[in-house]
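Student:
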Amino acid sequence: MRVVVVGGSGLIGAHVVDVLRERGHEVTAVARTARPGIDRALDAERATVAELRALVAGHDGVVYAARTDEAKPLPKPIYPGFRANLVEPLARLFTAARDEGLTRGALMGSYYTYFHRLHPQWRLPEHHTYIRCRVEQAAEARAAAGAGLPVAVVELPFVLGEGGGRLPNWSGPWERWARSGAPLFAPDGGTAAVSARSVAETTAGALERASGEDLPVADQNLTWRELFARIAAATGRARTVHRLPGTAVRVPATLGGALMSLAGRQSGIDPAHFGRLALTDLYVEPVSGRSLDAAIRQTVRAG
Numbered sequence: 001m002r003v004v005v006v007g008g009s010g011l012i013g014a015h016v017v018d019v020l021r022e023r024g025h026e027v028t029a030v031a032r033t034a035r036p037g038i039d040r041a042l043d044a045e046r047a048t049v050a051e052l053r054a055l056v057a058g059h060d061g062v063v064y065a066a067r068t069d070e071a072k073p074l075p076k077p078i079y080p081g082f083r084a085n086l087v088e089p090l091a092r093l094f095t096a097a098r099d100e101g102l103t104r105g106a107l108m109g110s111y112y113t114y115f116h117r118l119h120p121q122w123r124l125p126e127h128h129t130y131i132r133c134r135v136e137q138a139a140e141a142r143a144a145a146g147a148g149l150p151v152a153v154v155e156l157p158f159v160l161g162e163g164g165g166r167l168p169n170w171s172g173p174w175e176r177w178a179r180s181g182a183p184l185f186a187p188d189g190g191t192a193a194v195s196a197r198s199v200a201e202t203t204a205g206a207l208e209r210a211s212g213e214d215l216p217v218a219d220q221n222l223t224w225r226e227l228f229a230r231i232a233a234a235t236g237r238a239r240t241v242h243r244l245p246g247t248a249v250r251v252p253a254t255l256g257g258a259l260m261s262l263a264g265r266q267s268g269i270d271p272a273h274f275g276r277l278a279l280t281d282l283y284v285e286p287v288s289g290r291s292l293d294a295a296i297r298q299t300v301r302a303g
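Mapping of the sequence shown onto full-length UniProt numbering: residues 1 to 303, in sequence order.
1) I'd like to know if the segment 25–41 and the segment 5–14 are in contact, where contact means that at least 3 CB-CB pairs between them fall below 8 Å.
2) Which whole-angstrom value is the C-beta distance of arginine 98 and threonine 113, which I expect to be below 8 Å?
3) Starting from threonine 299, trace the alpha helix (DSSP H) both ways and give me its first and last residue.
4) Compute the beta-carbon to beta-carbon distance between glycine 109 and alanine 295, rounded to the nearest angstrom, for a pair I have assumed lies under 8 Å.
5) According to the neighbour-count rule (16 or more other Cβ atoms, all chains shown, within 10 Å of its Cβ), is proline 216 buried or exposed?
6) Touching or not, the segment 132–150 and the segment 199–219, by the rule of three or more beta carbon pairs under 8 Å?
7) Measuring CB to CB, does alanine 96 end up less than 7 Å from leucine 52?
8) So, at 7 Å on beta carbons, what are the nonlocal neighbours of aspartate 270 in its own chain, with the 5 sequence-adjacent residues on each side left out?
9) Under DSSP, the alpha helix (DSSP H) around aspartate 18 begins and ends at which residues?
10) By the 10 Å Cβ neighbour count, where 16 or more other Cβ atoms means buried, how is serine 291 classified, buried or exposed?
11) Helix, strand or coil, according to DSSP, for aspartate 281 in the structure here?
12) Looking at alanine 65 and glycine 13, is the spacing between their C-beta atoms short of 7 Å?
13) Expressed to the nearest angstrom, what Euclidean distance is found between the alpha-carbon atoms of alanine 57 and glutamate 155?
14) Counting only the same chain and skipping the five closest in sequence on each side, list residues whose C-beta sits under 7 Å from that of glycine 268.
15) Since threonine 254 and glycine 236 are thought to touch, with beta carbons under 8 Å apart, how far apart are those beta carbons, to the nearest angstrom?
16) For glycine 303, is the classification buried or exposed, using 16 other Cβ atoms within 10 angstroms of its Cβ as the cut-off for buried?
17) Quick one: any contact between the segment 242–251 and the segment 175–186, if contact means 3 or more CB pairs under 8 Å?
In C-alpha cells form, the structure reads like this:
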C-alpha cells in the first residue's frame with residue numbers, strides 16, 4: 001500500500017509511519033512544519049479539498065493522526081472552534097480521498113465515543129463539546145468517504161510512550177509531581193491505557209484489512225492509583241499512592257468549572273461533569289495484555 005499519514009511527526013503518527021514502513025508499505029509523512037522525517041509540510045486543518053486531493057493522489061490509504069487539546073480553556077462559544085479543528089478537516093480530507101479513489105482510511109478518535117455507545121445514559125456529547133465533536137467527526141468523515149472508502153476509527157484511551165520526540169500532553173505535570181517526592185494521592189476509578197506502538201499496530205492492521213470499524217484499543221486497564229504508582233516507580237521515586245476521597249475531586253472540579261464560566265471561558269471537557277466521570281472505571285474490553293513498562297518509562301523520560 002501507499003499511505004499518507006497526516007500528523008506524521010506526532011506521538012502516534014510517528015509510530016504509524018514506522019509500523020507501516022516495517023510492514024513494507026510506502027508512506028508519505030505529513031506535518032504542519034518541515035522537519036527531518038517529514039515528506040510534506042501542509043496544515044491539513046486549513047487545507048482545501050483541492051490541496052488535499054493533490055496530497056493524497058496516487059495513494060491507497062490515508063491516516064489522520066493530528067492532535068487536539070481538549071482541556072484548554074477557550075473563550076465562549078467553543079463549539080465552532082472545535083468543529084473547525086476536529087470535524088471539518090476530516091470531512092474535507094475524506095472527500096478528497098474519495099474523489100482520488102483511495103480505498104481505505106483511519107482516524108485517531110477517543111475512547112469517549114466508545115463509552116458513549118456503551119452508556120448513552122451518560123449523555124457525554126451533551127456535557128462535553130470535545131466528545132460531541134468526536135462523535136460528529138467519525139460520522140461526517142465516513143459520510144464524506146462514502147461506501148467505497150471504509151474509515152476505521154481508532155478510539156484512544158490514555159496513550160503512553162514517546163514518538164517523533166513528542167510525549168503525551170499530560171505527562172509533564174504528572175512527571176514533575178512524581179519526581180518531587182511529595183505524597184501521591186489518587187481517587188477511585190481508573191482508565192484504559194495503551195502504548196503508542198500498540199495504537200500504530202492496530203491502525204496498520206485496520207488499513208491492511210480495509211476495515212471501517214470502530215476500534216477501541218487498550219493494553220491494560222489500570223486504577224488511577226496503579227497508574228500513578230507505576231509512573232512514580234519509573235521516575236525512580238517509588239512510593240505508596242494514597243486514596244483521595246471523591247469529594248476532593250468533585251468539589252474543586254465543580255468550582256473550577258464555575259470560575260471558568262464566570263470568566264467567559266469553557267473547555268472541551270466540562271470540569272464539573274468530568275469530576276464525576278473520573279471516579280468511574282473507564283475501562284475498555286478486551287485488552288491486549290501487553291506490558292506498558294517500556295511505554296511508561298518513555299513517558300517520564302527515564303527509559
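Built from N, CA and C at the ideal position, the CB exists for glycine as well.
Tutor: Once the coordinates are examined:
1) yes
2) The Cβ separation is near 22 Å, so there is no contact.
3) 293–299
4) Actually they do not touch by this definition, with Cβ atoms about 20 Å apart.
5) buried
6) yes
7) yes
8) His127, His128, Gly257
9) 11–22
10) exposed
11) strand
12) yes
13) 27 Å
14) Glu70, Ala71, Ile78, Phe82, His128, Thr129, Tyr130
15) That belief does not hold up - the Cβ atoms of threonine 254 and glycine 236 are roughly 36 Å apart, past 8 Å.
16) Note that glycine 303 scores a pLDDT of 42, beneath 50, so its modelled location is shaky and nothing firm can be said.
17) yes
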